[in-house]
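Below is one structure, written out as structure tokens; comments come after it.
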Amino acid sequence: FFASVEMAPGDPILGLTETYLADTRPGKINLGVGIYVDEQGHVPLLRTVHEVELGLASAAKPRGYLPIDGLPAYNQLTQQLLFGAGSPLLEAGRVATAQTIGGSAALRVGADLLRQVAGAGAKIAISNPSWGNHHVVFRTAGFELLEYRYYDPSSHGLDLAGMLEDLGKLEPGTVVLLHACCHNPTGVDLDAVQWQQVIALLQERKLLPFIDIAYQGFDQGIAADATAIRLLAASGIEAFVVANSYSKSFSLYGERVGALSMVGADRDEAARLLSKIKQTIRTNYSSPAAHGASLVAGVLGSSELRGRWEQELGEMRTRIHAMRAGLVERLAAHGAPDFGFIQGQAGMFSYSGLSKAQVLRLREEHAIYALDSGRICVAALNRANLDTVAAAVAAVTR
Ligand code: LMR
């Protein structure tokens with residue numbers, strides 16, 4: 054039966070963690086996967102999340118199924134976080150939101166549904182570069198993949214002219230995947246004015262924006278990091294899609310909490326979209342898991358806890374900024390070439406510009422793990438490992 058099954062290649066991100074875990078060298082450092090760790094090197098359990106969790110445990114709640122589209126309060130609070138409380142889109146009932154198993158299932162459920170709607174000629178344009186799983190998820194769902202220019206290696210910044218030129222050539226109906234903030238892997242984002250330009254083009258070319266927002270709050274804060282979504286909502290564009298994740302912002306990686314939101318032209322269209330989302334979920338994993346969503350809803354549903362959560366998020370953000378500054382300073386102290394651009398990048402990641410050969414040397418000679426693309430997770434740095442990392446990077450770039 055299975056004799057002809059071939060070995061699949063390891064995942065470039067999670068597979069690297071497997072290699073890291075199998076490494077027996079003391080002092081090894083994992084800057085591969087996008088996970089925020091604190092100064093002690095631990096994935097934090099947020100105080101607000103823990104408080105809600107203690108309350109849930111003592112309430113001894115029964116464990117029935119959630120509805121196919123998840124916990125209603127969670128979906129409502131998610132909409133408010135993404136679109137802003139009082140958003141006219143929400144008031145008009147134009148947004149269909151369903152809880153999903155992390156941001157990944159939001160992407161996959163959205164991809165399956167859009168592929169159904171678009172038929173065999175479905176196309177998606179993805180930034181070059183992008184999170185590796187974007188390509189695989191949409192290809193597996195039956196999309197033809199296209200690329201648009203995004204990152205300019207010479208300036209370590211945005212290639213806005215290239216991006217606009219490539220988007221301007223897409224056929225109407227093409228889906229365009231956009232990172233709302235903290236672009237993964239580059240850390241290079243659009244500002245509000247640049248978003249306006251992109252959105253005007255999307256509207257003019259009748260393209261369908263599919264926003265991936267996995268790091269809301271990791272750059273500037275909840276509202277600022279949702280600028281792309283808020284501007285899309287205000288633009289009058291008829292339809293767009295949002296996949297969001299709470300893995301990072303609530304430090305709930307293993308609970309797999311995300312959501313898919315689809316914006317339709319009116320309330321009736323949104324209701325039909327929700328029915329299709331539910332059908333897609335039911336035939337994939339039936340319904341989502343309850344625990345993580347209950348934690349998120351518990352925090353977001355209390356104004357007191359929500360305020361304290363935003364403070365905790367701010368602490369993570371501030372620590373990342375400090376690590377960026379610290380890394381740049383230590384690299385200079387070790388005589389490395391100029392890495393000042395790292396300070397201007399947003400979110401968890403830095404596209405360091407390290408070559409694959411340099412990344413391999415870091416792994417083999419220094420037990421420091423980064424992605425082959427040169428992406429490093431700056432949120433995995435702390436005061437104890439910063440100098441070691443800087444010295445090793447300086448050694449492989451000299
Ligand atoms: C990453 O890019 O490292 C994270 O989004 C984790 C993942 O699932 O790849």
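The opening residue of the sequence shown carries number 54 in my numbering; numbering runs sequentially from there. Quick reminder that beta carbons are idealized off the backbone N, C-alpha and C, glycines included. Computed from a predicted model, the values in this text were never measured in an experiment.
**Message:** Between the alpha carbons of H419 and L84, how many angstroms are there, rounded?
**Reply:** Looking up residue 419 in the sequence shown gives position 366. Looking up residue 84 in the sequence shown gives position 31. It is roughly 12 Å from the alpha-carbon of H419 to the alpha-carbon of L84.
**Asked** Considering only C-alpha positions, which residue in the set L107, M60, Y73, Y89 is nearest to L453?
**Response** Missing from the structure shown is residue 453; the chain here goes from 54 to 451 and no further.
**Prompt:** From which residue to which residue does the alpha helix (DSSP H) around S111 run?
**Reply:** Your numbering for residue 111 matches position 58 in the sequence shown. The continuous alpha helix (DSSP H) containing S111 extends over residues 100-112.
**Prompt:** In whole angstroms, what is the alpha-carbon distance linking T280 and S340?
**Reply:** Along the sequence shown, read from residue 1 onward, the residue named residue 280 stands at position 227. Along the sequence shown, read from residue 1 onward, the residue named residue 340 stands at position 287. Distance between the alpha carbons of T280 and S340 is about 30 Å.
**Asked** Is A276 near G137, with beta carbons less than 8 Å apart?
**Response** Here residue 276 refers to the residue found at position 223 of the sequence shown. Here residue 137 refers to the residue found at position 84 of the sequence shown. Taking 8 Å as the Cβ cut-off, A276 and G137 qualify as a contacting pair.
**Asked** So, using beta-carbon positions, are E71 and G63 closer together than 8 Å?
**Response** On the sequence shown, residue 71 is found 18 positions in, with the first residue counted as 1. On the sequence shown, residue 63 is found 10 positions in, with the first residue counted as 1. Yes; because the gap between Cβ atoms is below 8 Å, this pair is in contact.
**Prompt:** Do the stretch 298-317 and the stretch 143-153 meet, that is, are 3 or more Cβ pairs less than 8 Å apart?
**Reply:** As far as the Cβ criterion goes, the stretch 298-317 touches the stretch 143-153, which means the pair count is three or higher.
**Asked** Closest to L353 by CA distance: which of Q133, R414, G240 is it?
**Response** Residue mapping note: residue 353 aligns to position 300 of the sequence shown, counting from 1. That would be Q133, whose Cα lies nearest to the Cα of L353.
**Asked** Using CA coordinates, which residue listed in G163, F293, A437 is at the minimum distance from A318?
**Response** Numbered from its first residue, the sequence shown carries residue 318 at position 265. Closest in C-alpha terms to A318, from the list G163, F293, A437, comes F293.
**Message:** Measuring only the C-alpha atoms, how far is E257 from Q364?
**Reply:** Here residue 257 refers to the residue found at position 204 of the sequence shown. Here residue 364 refers to the residue found at position 311 of the sequence shown. Roughly 39 Å separates the two Cα atoms.
**Asked** Does the separation of the CB atoms of Y201 and L213 fall below 8 Å?
**Response** Here residue 201 refers to the residue found at position 148 when the sequence shown is read from its first residue. Here residue 213 refers to the residue found at position 160 when the sequence shown is read from its first residue. The Cβ atoms of Y201 and L213 lie no closer than 8 Å to each other.
**Asked** Along the chain, where does the alpha helix (DSSP H) that runs through F191 open and close?
**Response** Along the sequence shown, one-based indexing puts residue 191 at 138. Taken as a continuous stretch (DSSP letters only), the alpha helix (DSSP H) holding F191 covers 185-193.
**Request:** Determine the contact status of A267 and G156, defining contact as a CB-CB distance below 8 Å.
**Result:** Position 214 of the sequence shown, counted from the first residue, corresponds to residue 267. Position 103 of the sequence shown, counted from the first residue, corresponds to residue 156. Judged by their CB atoms, A267 and G156 are nearer to each other than the 8 Å cut-off.
**Message:** Please give me, in chain order, every unbroken run of the alpha helix (DSSP H) with length at least 4 that falls completely inside the stretch 324-383.
**Reply:** Whole alpha helix (DSSP H) segments, 4+ residues: 344-353.
**Prompt:** At which residues does the alpha helix (DSSP H) containing Y201 begin and terminate?
**Reply:** For the purposes of this step, residue 201 is taken as the residue at position 148 of the sequence shown. Here Y201 belongs to no alpha helix (DSSP H); instead the beta strand (DSSP E) covers 197-202.
**Asked** Can we count V86 as close to ligand 1, meaning its CB is less than 7 Å from some heavy atom?
**Response** Against the sequence shown, residue 86 aligns to sequence position 33. It does: the Cβ of V86 is within 7 Å (strictly closer) of some heavy atom of ligand 1.
**Item:** Limits of the alpha helix (DSSP H) - the one that R161 falls within
**Value:** Locating residue 161 in the sequence shown gives position 108, where the first residue counts as 1. In the DSSP assignment, R161 falls within the unbroken alpha helix (DSSP H) covering 155-171.
**Prompt:** Hey, quick one: how far does the beta strand (DSSP E) through M315 stretch, first residue to last?
**Reply:** Walking along the sequence shown from the start, residue 315 turns up at place 262. Here the beta strand (DSSP E) through M315 covers 310-316.
**Message:** Which runs of the alpha helix (DSSP H) at least 4 residues long sit entirely within the stretch 209-294? Give them in chain order.
**Reply:** List check, alpha helix (DSSP H) in window: 213-221, 245-257, 275-278, 280-288.
**Item:** Closest Cα partner of G174 within the set G215, G226, H387
**Value:** Taking the first residue of the sequence shown as 1, we reach residue 174 at position 121. With respect to the C-alpha of G174, the residue from G215, G226, H387 having the closest C-alpha is G226.
**Asked** Does the distance from the CB of I282 to the CB of D122 come in under 8 Å?
**Response** Locating residue 282 in the sequence shown gives position 229, where the first residue counts as 1. Locating residue 122 in the sequence shown gives position 69, where the first residue counts as 1. Cβ distance not < 8 Å, so I282 and D122 don't count as in contact.
**Request:** Using a threshold of 8 Å, state whether the C-beta atoms of F191 and L199 are closer than that.
**Result:** In the sequence shown, the residue the question calls residue 191 occupies position 138. In the sequence shown, the residue the question calls residue 199 occupies position 146. In terms of Cβ geometry, F191 and L199 do not form a close pair [threshold 8 Å].
**Asked** Helix, strand or coil: how does DSSP classify A389 here?
**Response** The residue given as residue 389 occupies position 336 in the sequence shown. It is coil, neither helix nor strand.
**Prompt:** For the alpha helix (DSSP H) that contains R428, what are its first and last residues?
**Reply:** The residue given as residue 428 occupies position 375 in the sequence shown. Here R428 belongs to no alpha helix (DSSP H); instead the beta strand (DSSP E) covers 428-430.
**Message:** Measuring only the C-alpha atoms, how far is M24 from Y422?
**Reply:** The requested residue 24 does not occur in the structure, where the chain is confined to residues 54 to 451.
**Prompt:** Shortest alpha-carbon distance to N435 belongs to which of Y89, P125, L74?
**Reply:** Working through the sequence shown from its first residue, we reach residue 435 at position 382. Taking only the C-alpha atoms, the option nearest N435 is Y89.
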